[in-house]
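Sequential numbering from 1168 applies to the sequence shown in the numbering used here. Glycine included, each C-beta is placed from N, C-alpha and C at the ideal position. Report on one structure; see the data block that follows.
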Amino acid sequence: QVQLVESGGGLVQAGGSLRLSCTASGRTVNMGWFRQAPGKERQFVAAIKWIGITTSYADSVKGRFTISRDSAKNTLYLQMNNLNPEDTAVYYCAASATAMGAYSYWGQGTQVTVSS
1168 QVQLVESGGG
1178 LVQAGGSLRL
1188 SCTASGRTVN
1198 MGWFRQAPGK
1208 ERQFVAAIKW
1218 IGITTSYADS
1228 VKGRFTISRD
1238 SAKNTLYLQM
1248 NNLNPEDTAV
1258 YYCAASATAM
1268 GAYSYWGQGT
1278 QVTVSS
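Next up, the structure:
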């Protein structure tokens, strides 16, 4: 069983930046970030695939967020720039055990709050 531990959340003013980290206790293949705002469903934010290191983003964060990973450190990152209050949510890290598998590992979440 792989454990994922997120860090880096916090309170930031609109227009500011934060970098989230997610460290995995074991081997993972594809990884991603999701977020859930109060009263809303969890939504996809960004993902990165092990094969080809391809990335994908939700339209709402394209051009502002960058996902990356350091495989040597088993760590996933999400650089978030030009944050706005709509980005306020709990951010979750997710990972799959196989290239075609669903995300089966989830972190506990880290709170990001953007003030206006």
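Asked: Alpha-carbon to alpha-carbon, residue 1283 and residue 1284; Found: Only positions 1168 to 1283 of the chain appear in the structure, and residue 1284 is not among them; the question remains open.
Asked: Beta-carbon proximity check, residue 1264 vs residue 1203, cutoff 8 Å; Found: no
Asked: Proximity winner among 1216, 1234, 1222 and 1194, relative to residue 1155 (alpha-carbon distances); Found: What is shown of the chain runs 1168 to 1283, which leaves residue 1155 out entirely.
Asked: Selection from 1274, 1178 and 1222 that minimises the alpha carbon distance to residue 1254; Found: 1178
Asked: Residue environment, residue 1199, which counts as buried when at least 16 other CB atoms sit within 10 Å; Found: buried
Asked: Buried versus exposed call for residue 1173 [16 or more other C-beta atoms within 10 Å across all chains shown]; Found: buried
Asked: DSSP-derived helix/strand/coil call for residue 1238; Found: helix
Asked: From 1224, 1271, 1208 and 1226, residue whose alpha carbon lies closest to that of residue 1168; Found: 1271
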